[in-house]
Structures are given as C-alpha cells and as structure tokens.
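Novice: Take the position in the sequence shown, starting the count at 1, then add 170; the result is the number in the numbering used here. C-beta atoms are modelled at their ideal positions from N, C-alpha and C, and glycine is treated no differently. On a predicted model such as this, the values are computed, not experimentally measured, just so you know. There's a structure below that I have some questions on.
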Amino acid sequence: MAPDELRELKNELDKGFIRPSSSPWGCPALFVEKKDQGGKRLCVDYRPLNAVTIKNKYPLPHIDILFDRLAGAKVFSKIDLRSREEDIPKTAFSTGYGLYEYLVMSFGLTNAPAFFMYMMNSVFMNELDKFVVVFIDDILIYSKSEKEHEEHLKIVLTRLREHKLYAKFSKCAFWLKEVSFLGHILSEKGVAVDPSKVKDVLNWKQPETVTEIRSFLGLAGYYRRFIKDFSKSAKPMTSLTKKNAKYLWSSNCEEAFQTLKKLLTSAPVLAQPDVTKPFDVYCDASGNGLGCVLMQEGRVIAYASRQLRKHEANYPTHDLELAAVVHALKIWRHYLLGNTCHIYTDHKSLKYILTQPELNMRQRRWLELIKDYDLEIHYHPGKANVVADALSRKAHCNFIEARPTVRVLCCEIDEIEMPTEQHAELYSLIIEPTIKDLVIAAQKQDKGMAHIREGISDKQKACFTLDEQGVLWFKNRLVVPKDMELRKKILDEAHTSLFTMHPGSNKMYQDLKQKFWWTRMKREIAKYVSECDICQRVKADHLKPAGLLQPLAVPAWKWEDVHMDFIVGLPRTQKGYDSIWVIIDRFTKSAHFIPVKTIYHAKTYAELYIARIVSLHGVPLTITSDRGSLFVSRFWEQLQHALGTKLIRSSAYHPQTSGQVERVNQILEDMLRACAMTYSTKWDECLPLAEFAYNNSYQKSLDMAPFEALYGKRCRTPLNWSEPGERVTFGPDLVTRAEAQVKMIHNNLKRARSRREKLLDKRRRPLVFEEGDHVYLRVSPMKGVHRFGVKGKLAPRYVGPFKITERCGSVAYRLELPPHLAAVHDVFHVSQLKKCLRVPEDEIDTSQIQIEPDLTYEEHPIKILDQKQRATRRRAINFYKVQWSNHSEEEATWEQEEFLQTRYPGFLPSTTN
C-alpha cells in the first residue's frame, strides 16, 4: 500500500467505521483520489456480492411527496438510526494488511436502501403520513402543536424500542421550529433550500468538461422546483452535453452558469399544498421551452420547466401553449387529479379547447388527458401577468376571504329600487324542489315505505338505514318509492337534460346507482333508454346488418337475365361522352360497355339497346336494375312490355340488389384509370379494349372466362396463339359439347352462390317485422356533399317512425310514407329499417330534412361569416367561414373559395373572384 492509502485505512479504523474481520466473505478494495481535498478515498467493489444478492424492487418515496405531507406542521423532530449488526460480516473487504468489515452502511450495496425502506414502512405502517415520514434511515416527526408533538414522539420512540432499532443521539434533534431534512429547510412557512448544501455553489469553478457540467446540473436540478424557468436558464449548458456536441464554453454558457448559481443560492420559500383547496396553474411556452408555476392562494408551491424536444420546435403556437398545460398536468398529477384547478394562459384560444370542434390528432390525444381533470382554462394576458410580483421571495400575499354568494345576492337585490309591479314579478318566482327533495317527500307520503321501515329485519339492517329525519337509505343510496311519475322524472333528468345528453343504459345506470336505488332499477333504465325516440333516431347501430342474403335464381340460358347500371360523373370527352351504360349477362358474366351522354333521352337509349344488345343476343326475359330515371320512365316500361321483358327493380336505396353490376363497375373504373395512366388516352378510346379484356378474363364463379362461356371456346389473343381450325367441333358433337358446357356453368354458378350465401350470412342477422309495426327509416348524407366530419352528422340517422303496410318478399317491406316523401319509392330492404319500440306521442316533422328520392339529403351554405387569406409559395388561397343549412353559427366551417365556386356556383359574391 502507498503511504496515503495506508493513512486513509488507519483513519477509517480510528473513526470506528471499519474493524478487522474473519468473515468468509471478501470483496476487493481500491483507493481513488479525492479531487477537492486531496488524499485517498476507500472504495469497495461489491459487484461480486451484489451479483449473488436477490434484487429488492421496493420503491423509495418521492421526496417532494414527503414534503407535501407536512402542510400545517409547526413542530419537528428528526431521528437518525444505526445500522444492522448481523450483516456486518457480509461487508468484508480485503487489503494488503488483511480483511476488514464495515460498522456503518457502505456505498455500493445493492439492496441496502430498498430493504431498509421496506422495514421502516412496516415499523411505522400506522403512523406514516399522519405525523411521521421516513426516508431510509432518516425519520421526521411533525405536529401542529407541542402537545400533539409530545404524544407523537412517545409513539415513535416506543415503536423503535419494540423493534430494537437504535438511534444515533448526536444526529437527532427534537422540538424544532425549523429543521434540515434531505437537503431542505422545513418550517411553518414552507420548504426552502438548505444553505449548508449549496454554500459551495458560489465558489464553483467554471466546468471544463461535459462530466463537470453534468455534475453541476445534477445538483442544481435537485432543487429545480425552487427555480423558475430552470430549463430555459440551463439550456446553453445542456446543449453542450448532447451527443457529438463540440465543447465550446461561450458567453451564453457563462451567463447561464452564473444565473443558476444566483438563483440556487437565493431560492424562495415554497408553500405547502392544501388538497382541500383549489390550485392555480400558470403556463407559458416559447421557442426555448415550457414553463409553469403551481400556486395556491397567491403562494408558490412549485416551479416546473423543460426544454423543447427536437420535433416540438416545429409545433404551432397553439400546440406549444397546450403542451405547457399538458406538461403541468402530468408532473403535478398527484396534486391536481381529483381537485379543482384553474389554468391561466396568455393564449386566448386555449380557453375554448374543451369545446373546439376541429382538433388535430395531437390535440385529441392531449384532450383525453385533460378531460380527466376538473379544471377551468382562463385567458391571462401577458401584459397583465403579475405572477412574478406575487412570487417575491419569502414574502407571501394575504388572500381576501370571498363573501358568501347568497348573502351578496340578497343584499344587492334589496338595494335595487323597482316599481311595485316588478316586485310582484320577482316575488312570484318559484324555486322548484330538487330531485332529492321530491324523493324524500314521496317517501313520507308512500304507505308502502312505512311498512318497509317497520319491517326491516336484523339481516336487512346491514343494507337499509334510517337517518335522523326518517329518510330511508339503501347502502347510502336514497330509496325511491314506487311512484312511476317520480321515477320517470329522475330518468328524464339523467337522460335528456343538457348535463347528460342521452347516455347509454349502462352509463346511465352507473351514474344513477351512486345516489338512488329501487327494485329492478337496471331493467327499468334499459327499457327507458331503448324506447327513447331521440336515441333511436340519432344513435348508430353496432349490430350486424339486418336481412339474410336472398340471391336471385341461376338463369337457365345465356342472355336471358341481364343487369343494367350507369357509371356517371366521368370527364367529358371530345365526343361529348360523360357516362357508361354497363349491361351484363347474369349467366355467362359477359358484358357490354356503351359510352353515352347524360343528355340522352329514353328513345336514344332504346335505340342503343336494340342495336347493341337485342341484335346480338336476342330479347332477355328479365332486366334487373336500380331506380334510375331511365329505368322508371314510362317509355322504357312500355318498350320492355312490348318486347315481353319483365323489369326487376331494387328496393329503395339498396344497390345490393344489383350487386353483380356494381362489382363490374368497380372493375371497369380501375381498368380505365390504369389505361389512362399507362397510355395517356381518353377513356372512351380505351372502352372497347376494356370490354374485350373483361370478357376474356377468368371468372372464379364460372371457372372460365365470360367469352368462353358465351361462345364455347377461348378468344384468340397474343397469349392464346392457337391456329384457326384447331380443335374445331362440328355436327352432333357441337350440340353435345354446348349442352355439357351450359350444364357445367349452371352447376358452377350454383356452387358459387351457395358459398357466397354461406359466407355473407355469417356477417348478417335475420330480422322480421309484422304488418302494423312502426319502424324508423335510415337516411345518409349524399356522397361528395360537405360532411361535418369533426362535428358529427348533426342531422338524424333515422326518420319516422312509419307504419308497415305490407311485406314484399322475405326481406322487403312497404311503408306508409307522408305526402312530402311521395317521390320516394315506398318499398325498402330490411337493412334500411329499425324497429320503433315505442311510438312517440309528439313525432318530429320529417319535412324539416329535405330528403331526396334516393334517400339522401344535402347540406348547402347559407351565409358567409368571415374571410381570410393564406399565402403559399405559388399563390394566395381565399378561405370563407360558412354557415350551413340547419346548423348554427357555432358549427360553421372554413372552406376554400375554389370548392365553393365549383360546388355551389353563384353562392359567393361576384366581388370575391
């Protein structure tokens, strides 16, 4: 050993910290140089001992939370304990002069803090946080008076004696008005920094390495709750600790270094929180970081701040200010959750964040956290921010006691001079009794309740109780008598008032059961909610779609049964085409795609139909279509009647009846998109080849291509290079082969229909109505029309109820519609209906919603409320705040000028072009 190492070992022996040992344990020891005082420090490498030690995960208490328990305390005592002697041999370490062991707690033992904390919490289980706080081996006893403190000291010392725990008297202090504990000074005034712990800060030399910077910031950060805007002040220094950052001590770093030393050595006294009173939180954000102050009755409880993360620097001002609020709620959650708090910000728009209709995803995520707190957000102008004045160090503001509101109102009303007739009006105001008053009054008048009071058995007394006024309670819940009118009043208040907004049955039951009780309460609530007319109109169904699949029969021959539909809204071509007439054969799946114009009359369509369909395939037996204007026209009906064709139309607003042609429409649209992108041609020029490609592509339900199903062989293409004359069949063999192919197609279609029916019915549910039942009818916004996506579709989802007059098939019903819906076909698929469980006495007039014949409704703009312009790199874009039909001004939305001019020409004034 070197002389200075031997000197340090002897010094430890003289102090009584170590002694010679004969322990079977032993860990290596080394000496490290003390930077400040010189000499050597003895360190033991306890890694071998820690490796075989089972880790104790018992948590240590948060120091700030310990201090919060001291609110109102005026007298303090602290006790420091000695270590456990049985574990002394395990601390043995080897040196050149033999084996030694520690008599005091050594650094480096893995489980020492956790196990000691567990033991102390067990000893003072009944006294913790009442008048005792413990941090490892440090015990603090606090009381509000000297008399209480005497009793508390007796209890604590008795506990120590019972568990044979011994204190070191030289480190104990009793009956103090101000005590040093865990680096802080605690007193009746609050919490302050311990001067003895930071006395060397003023003489701290300028850091020369990143490690020294971290050491200084570590000490300062321990007291950051005392320093306002700590993270902003420390930012120049923390930037040097980043990875790959060049170490350059600038004037900004020196200024930050000196500022932190000054703030640390002149930190204010912080008040202790009172959880029975509301809290005030002042928040602010800037390009440097987030800062917030927690206050109560004008006194500071804590400061908090942090620097902005890299991605947060790109946040807009609104999100930065909201991030400061969220930061405060997170770090002071143990104070604010469950208590009333007032948030003050200098960003006015945050005042409306809880009711703001349009939020981005980040704001929505933060709003979920904010809604857990009972808070109010107030606008606090920056120029009026006097918080700094209220935070004068060690000087506390006196708060003014608020006058009782009722007394003030009475005095103010008495001082008002009013004519006699106005006095009469004021005195005639009636204050309605509360629900609780009504229930108590009903209990006294109900005879059945008297029998219940008298007949309470000993077994029932555990549940039923009577208070001093004779009011009957069930498990601390008010018993509601069997008064149906009263119960309905309670249910109405819990369901239809502005404070509840039509909750579901389970939520409503959970709310009501906290205060009220009656027999079969949950069942009555469920029945009430299920029969609520408003809920049935506006709430979405979360059930499987109603109505099992009812597939059409498989046709017997080619082009006997066809489907028709239109693809509209396509770009107008040079030839004037803007739509496609899609006609497919249900048996062979072969199709014809005919370009048409929307200006065509029924006669023109009839000519095309004869030329393109009848001339090639003959007259079909049936035509299935939707209820488009062509298919319901009188000319079309007379033409098909003359040709002997039966028309089958889908029920109102149910395109699934023509599901086959709808699927072909999707395929055709995708083919035209791909063709236009690949070959840069007009869609009408691609249409013949699209028809060829579709008819020559494989169909799973047929197990062949539509062309082969129609003509008996595959079409020749660059990929199918069979020569003419190959595999040619003549005579009777041709007929036999054709019949066999038709039979095979028929069987394939049946199997495909069976598979599809079995698969889809798993996702649907049967629903049957009877004639005379009342049902609601589903409506939905038109595609392409502006939707209030963020605010919700404010128009009802269902209208009605309407009476069922006839059942049309297995899954369709005829309704008795009012005159203003005469244009709507009165037969509907069961998936568009919802049963009305109770016909309302006052039905809502459905004429208020302008429903189109296809069961859609359209919102249109009615007023411009505001205008703004947003500049981009290329041009300036005009935006207008628009109020929509059937909606209030609060629900207005911002729309681009281009959208309004295109969608609603003539709405914008000519001066805004």
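How many Å lie between G895 and S980 at the Cα?
Specialist: Confidence at G895 is low in this model, with a pLDDT of 49, below 50, so its placement is unreliable and the value that follows should be read with caution. Their Cα atoms are separated by approximately 51 Å.
Novice: Have a look at F187 and A221 and give me their C-alpha separation to the nearest angstrom.
Specialist: 24 Å
Novice: Taking the alpha carbon of A612 as the reference point, which residue from L859, A390, K659 has its own alpha carbon closest?
Specialist: K659
Novice: Checking the sheet assignment: what are the DSSP bridge partners for V708?
Specialist: Under DSSP, V708 shares a beta bridge with no residue.
Novice: If you run the structure through DSSP and keep just helix, strand and coil, what is C423?
Specialist: helix
Novice: Only counting the same chain, and skipping five residues up and downstream in sequence, which positions put a Cβ closer than 6 Å to that of A498?
Specialist: In its chain, beyond the 5 residues on either side, V451, C453, C462 have a beta carbon closer than 6 Å to the beta carbon of A498.
Novice: What is the rounded straight-line gap between the Cα of G942 and the Cα of H665?
Specialist: Cα to Cα, G942 sits roughly 29 Å from H665.
Novice: DSSP on M671, reduced to helix/strand/coil?
Specialist: coil
Novice: Using DSSP bridges, identify the partner residues of E839.
Specialist: Per DSSP, none; premise fails for E839.
Novice: Out of A772, E378, W195, point me to the one whose CA is closest to L809's CA.
Specialist: A772
Novice: Please classify N865: is it buried, with 16 or more other beta-carbons within 10 angstroms of its beta-carbon, or exposed?
Specialist: buried
Novice: Buried or exposed: T1063, going by 16 or more other Cβ atoms within 10 Å of its Cβ?
Specialist: Answer is buried; the Cβ neighbour count reaches 16.
Novice: Return the chain-ordered list of same chain residues with a C-beta closer than 7 Å to the C-beta of Q466, the five sequence neighbours on each side being excluded.
Specialist: A441, P443, D444, K447, F449, D450
Novice: Helix, strand or coil: how does DSSP classify I605 here?
Specialist: helix
Novice: Could you tell me the alpha carbon to alpha carbon distance between D542 and W195, rounded to whole angstroms?
Specialist: Looking at the backbone, the Cα of D542 and that of W195 are separated by about 54 Å.
Novice: Please report the distance separating the alpha-carbon of D548 from that of E1065.
Specialist: Note on identity: in this sequence residue 548 is His, with Asp being the wrong assignment. Taking the straight line joining both Cα atoms gives about 30 Å.
Novice: Where does the unbroken alpha helix (DSSP H) through A875 begin, and where does it stop?
Specialist: It is not in any alpha helix (DSSP H) - A875 carries neither H nor E in the DSSP assignment.
Novice: Could you check what DSSP says for N220 in three-state terms: helix, strand or coil?
Specialist: helix
Novice: What three-state label does DSSP hand I818 in the structure shown?
Specialist: Three-state DSSP puts I818 in a strand.
Novice: Could you pull the start and end residues of the alpha helix (DSSP H) that R395 belongs to?
Specialist: Segment: none, R395 is in no alpha helix (DSSP H) and carries neither H nor E.
Novice: Look up N646 in the DSSP assignment and say whether it is helix, strand or coil.
Specialist: coil
Novice: Answer with buried or exposed for T758, where buried requires no fewer than 16 other C-beta atoms within 10 angstroms of its C-beta.
Specialist: buried
Novice: Note the first and the last residue of the continuous beta strand (DSSP E) segment covering A241.
Specialist: Here A241 belongs to no beta strand (DSSP E), and DSSP marks it neither H nor E.
Novice: Just reading off the alpha helix (DSSP H) that R211 is part of, what are its end residues?
Specialist: Unbroken run through R211 is the beta strand (DSSP E), 210-214; no alpha helix (DSSP H).
Novice: Given 8 Å as the limit, is there contact between the stretch 358-366 and the stretch 419-428, that is, 3 or more CB pairs closer than that?
Specialist: no
Novice: I'd like the ranges of any beta strand (DSSP E) spanning at least 3 consecutive residues and lying wholly in the stretch 450-505.
Specialist: 459-466, 469-477
Novice: Over the uninterrupted beta strand (DSSP E) stretch that includes G986, give me the two end residues.
Specialist: The sequence shown places Glu at residue 986, rather than the Gly named in the question. Start and end: 982-986.
Novice: DSSP three-state call for C197: helix, strand or coil?
Specialist: strand
Novice: Pull up the distance between the alpha-carbon of R921 and that of A726, whole angstroms please.
Specialist: 15 Å
Novice: Count the other CB atoms within 10 Å of the CB of A426; is the residue buried (16 or more) or exposed (fewer)?
Specialist: buried
Novice: Keeping to the same chain, check which residues put their C-beta closer than 8 Å to that of E1067; ignore five residues upstream and five downstream.
Specialist: I1047, N1048, F1049, Y1050, L1078, T1082
Novice: Skipping 5 residues on each side, what residues in its chain have a beta carbon closer than 8 Å to that of A493?
Specialist: A455, L460, E482, Y485, W536
Novice: Out of T743, I793, V766, which one is the CA nearest neighbour of D755?
Specialist: I793
Novice: Straight-line CA distance for R217 to S264?
Specialist: The straight-line gap from Cα to Cα measures roughly 14 Å.
Novice: By the three-class DSSP mapping on this structure, what secondary structure does L1078 have?
Specialist: The DSSP-derived three-state label of L1078 is coil.
Novice: For D328, report the span of its beta strand (DSSP E) as first-last.
Specialist: Here the sequence assigns Thr to residue 328, which means Asp is not the residue at that position. No beta strand (DSSP E) contains T328, which is instead part of the alpha helix (DSSP H) from 316-332.
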